[in-house]
Amino acid sequence: MRGLRAQMASFGLPTRLLMVNQFAINLGFYMLMPYLADHLAHGLGLAAWTVGLVLGVRNLSQQGMFLVGGTLADRYGCKPMILIGCTLRTVAFGLLAAADTLPALVTASALTGLAGALFNPAVRAYLAADAGEERRVEAFAAFNIFYQAGILIGPLAGLALLTWDFGAVCTVSALIFAILAVLQARALPARPPAGRTAEPAWRAVAADWRTVAANRPFLLFTAAMTGSYVLGFQVYLALPLRARELFGERTGLVTGAVFAVSALAALSGQLKLTAWARRTLPGPRAIAYGLVLMGAAFLLVLPGSYDGTGGLAAGVLALTCCAALLAWGGALLYPFEMDTVVRLSSDRLVATYYGAYNTASGIAVSLGNLAVGALFDTGVRWLPWAALAATGLVCAALVARLHRAGHLVAVPVPTTG
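Per the numbering used here, the very first residue in the sequence shown carries number 2; after that it's consecutive.
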């Protein structure tokens, strides 16, 4: 904690505020979202397909609008998008507290996703600009600690509030986002966007998107990194499925422990891993090492003989170690990954690049989860784990190859008109 406090104190007010902002964003989001499906299915008695529809609309509206959110941040400024996003979350979660019809629930879910698409690229672009080239990696390392802390504490806070009812969870979440909007409106300095032209907005946006699409090194890096998001998501998919194989219906406690270990590992290891990597590795190699670590994590949970109490204990240990290695691998690569996106953008249209990057990652997670689910359905028990391990190794090899070929060195990006 002393190291984190010293790190925080070394940054300016905007960067510190954005880190606290991200903690509160994840706190408010994760105190509500893990319990939404149960509320819809059992609290409101909705059919399973409508539950899937409501949750799917949120994911689609967020992933599909990341590029638009980043573009708006570059054109109109990061601060307005952060404020609008927080305000939309306030409205959306307030609506979820009262909604009991499908149209209202779908509307609230869409607004929740749109809010994330607006403030996520804007927060990262603002943080990158405020930290500066020399301290971007350090800033994103500290940022990830606050990010993970929100994921860890949010579900626990939501569980405590559920002793009242789901409406209390929604109300507190909405209040968190309302306070964030007010705090940042007052304390976050406005930064007018640079390089804005007088040409029609649609033409400027089209030119910006063509610039991103013409940046071949960025596209190659994005493609190579999509696997890391598929691997990271398996804390929510593959590991709970493995827990169910081992424990049947009694998976709740084990799954909760896996989530907690993942978040605690990231919190405890982030600054140490980043400091070590900065001393010993170039950024792209740190990313490759992180991918190797994430892939290797799945070798620990290859199906074996877990009969009897000792075997089940070994299964729990394997799951928690896998979660820890996944978290450490993600913590190792994340600050350098975020820095590389900025470098490949040549510090221009940074929010748009983050938006495009997040959109590609979201699509990859959706397709990857379908593939992982299909591998589980084959009945070949070792196949999903071997495929996930291979994904990490292949992505690491791709990043290393891009690095050796010089594609991850910042070069001026030509604009397209």
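For each residue, glycine too, the CB sits at the ideal point set by N, CA and C.
Grouping DSSP H, G and I as helix and E and B as strand, with all else coil, what is Thr-227?
Here residue 227 refers to the residue found at position 226 of the sequence shown. If DSSP states are grouped into helix, strand and coil, Thr-227 belongs with the helices.
Figure out for me which residue from Ala-74, Lys-80, Val-138 has the closest Cα to the Cα of Leu-282.
Sequence index remark: in the sequence shown, residue 282 carries index 281 (1-based). Of the listed residues, the one whose Cα sits closest to Leu-282 is Val-138.
Where does Trp-165 sit, in a helix, a strand or coil, going by DSSP?
One-based indexing of the sequence shown puts residue 165 at position 164. Here Trp-165 sits in coil by DSSP.
Excluding the five sequence neighbours on either side, which residues of its own chain have a C-beta within less than 6 Å of the C-beta of Leu-106, listed in chain order?
Here residue 106 refers to the residue found at position 105 when the sequence shown is read from its first residue. Taken in chain order, the residues that qualify are Val-55, Ala-100.
In terms of alpha-carbon separation, which member of Tyr-36, Val-255, Ala-140 lies closest to Ala-7?
Reading the sequence shown from its first residue, position 6 is the one you call residue 7. When only C-alpha atoms are compared, the closest one is Ala-140.
Counting Cβ pairs, one atom from each stretch, are 3 or more of them under 8 Å apart for the region 212 to 223 and the region 344 to 351?
The region 212 to 223 vs the region 344 to 351: in contact.
Compute the Euclidean distance between the alpha carbons of Thr-417 and Ala-208, then round it to the nearest angstrom.
By one-based count along the sequence shown, residue 417 stands at place 416. By one-based count along the sequence shown, residue 208 stands at place 207. Summary for Thr-417: the model assigns pLDDT 49, below 50, so the residue's position carries little reliability, and this model does not support an answer.
If we call anything under 7 Å between Cβ atoms a contact, is Leu-73 one with Met-82?
The count along the sequence shown starts at 1 and reaches residue 73 at position 72. The count along the sequence shown starts at 1 and reaches residue 82 at position 81. Yes, the Cβ-Cβ distance between Leu-73 and Met-82 is below 7 Å.
Just to confirm before moving on: does the CB-CB distance between Leu-326 and Ala-298 stay below 7 Å?
Along the sequence shown, one-based indexing puts residue 326 at 325. Along the sequence shown, one-based indexing puts residue 298 at 297. Contact: yes.
Let's test the definition: count the other Cβ atoms within 10 Å of the Cβ of Ala-142 and tell me whether it reaches 16, buried, or not, exposed.
Translated into positions along the sequence shown, residue 142 becomes position 141. It counts as buried.
Alpha carbon to alpha carbon, how far is Thr-212 from Leu-238? Give it in angstroms, no decimals.
Here the question's residue 238 lines up with position 237 in the sequence shown. Here the question's residue 212 lines up with position 211 in the sequence shown. Near 36 Å, if we compare the C-alpha coordinates of Thr-212 and Leu-238.
Going residue by residue through the region 275 to 305, where are the continuous alpha helix (DSSP H) segments of at least 4 residues, counting only ones entirely within it?
Runs of the alpha helix (DSSP H) inside the region 275 to 305: 284 to 298.
Could you check which residue in Gly-331, Ala-357, Leu-160 has the C-alpha nearest to that of Gly-65?
Walking along the sequence shown from the start, residue 65 turns up at place 64. Among Gly-331, Ala-357, Leu-160, the Cα nearest to that of Gly-65 belongs to Ala-357.
Output the residue ranges of the alpha helix (DSSP H) runs that lie fully inside the region 50 to 137 and measure 4 residues or longer, sorted by chain position.
Counting whole runs of 4 or more residues, the region 50 to 137 contains the alpha helix (DSSP H) stretches 79 to 99, 103 to 132.
Between the region 154 to 161 and the region 367 to 384, do three or more beta carbon pairs fall short of 8 Å?
Touching, no, given that fewer than three Cβ pairs across the two stretches are closer than 8 Å.
Based on Cα-Cα distance, which residue from Arg-245, Ser-362, Leu-61, Ala-258 lies nearest to Tyr-230?
Counted from its first residue, the sequence shown places residue 230 at position 229. Here the closest residue by C-alpha is Ser-362.
Please report the distance separating the alpha-carbon of Val-302 from that of Arg-187.
Here residue 302 corresponds to residue number 301 of the sequence shown, with the count starting at 1. Here residue 187 corresponds to residue number 186 of the sequence shown, with the count starting at 1. So the two alpha carbons sit approximately 49 Å from each other.
So the alpha helix (DSSP H) Leu-350 belongs to, where does it begin and stop?
Indexing the sequence shown from 1 puts residue 350 at position 349. Where Leu-350 is concerned, there is no enclosing alpha helix (DSSP H), given that its DSSP letter is neither H nor E.
Drop a sphere of 10 angstroms on the beta-carbon of Gly-155, count the other beta-carbons inside from all chains shown, and report buried for 16 or more, exposed for fewer.
As a first step, residue 155 is located in the sequence shown; it is residue number 154 there, counting from the start. Gly-155 should be labelled buried.
On a CA-only basis, which of Leu-394, Ser-367, Ala-375 is nearest Gln-63? Give me that one, please.
Position 62 of the sequence shown, counted from the first residue, corresponds to residue 63. The option with the nearest alpha carbon to Gln-63 is Ser-367.
Once DSSP output is grouped into helix, strand and coil, what is the label at Thr-417?
Along the sequence shown, one-based indexing puts residue 417 at 416. Residue confidence for Thr-417 is low, a pLDDT of 49 falling below 50, so the modelled location carries little weight; the figure read from the coordinates is stated next. The answer is coil: DSSP assigns Thr-417 none of H, G, I, E or B.
Which same chain residues, not among the five before or five after Gln-185, have their C-beta less than 8 Å away from its C-beta?
Position 184 of the sequence shown, counted from the start, is the residue given in the question as residue 185. Once the five neighbours on either side are set aside, the close Cβ partners of Gln-185 are Leu-18, Asn-22, Lys-80, Ile-83, Leu-84, Cys-87.
Which residue's Cα is closest to the Cα of Phe-120: Tyr-355, Gly-296, Val-400, Thr-379?
Here residue 120 corresponds to residue number 119 of the sequence shown, with the count starting at 1. Ranking the options by Cα distance to Phe-120, first place goes to Tyr-355.
Mapping DSSP to helix, strand and coil, what is Phe-234?
Numbered from 1 along the sequence shown, position 233 holds the residue referred to as residue 234. Phe-234: helix per DSSP, three-state reduction.
Can you tell me where the alpha helix (DSSP H) holding Tyr-36 begins and where it ends?
Against the sequence shown, residue 36 aligns to sequence position 35. Run containing Tyr-36: none; DSSP gives neither H nor E here.
How long is the line joining the alpha carbons of Thr-227 and Leu-403, rounded to whole angstroms?
For the purposes of this step, residue 227 is taken as residue 226 along the sequence shown, with counting starting at 1. For the purposes of this step, residue 403 is taken as residue 402 along the sequence shown, with counting starting at 1. If I take the Cα positions, the gap works out to 15 Å.
Would DSSP call Asn-216 helix, strand or coil?
Here residue 216 is taken as the residue at index 215 of the sequence shown, counted from 1. Correct three-state label for Asn-216: coil.
Should the region 256 to 264 be regarded as contacting the region 313 to 323, the criterion being three or more beta carbon pairs within less than 8 Å?
A contact exists between the region 256 to 264 and the region 313 to 323.
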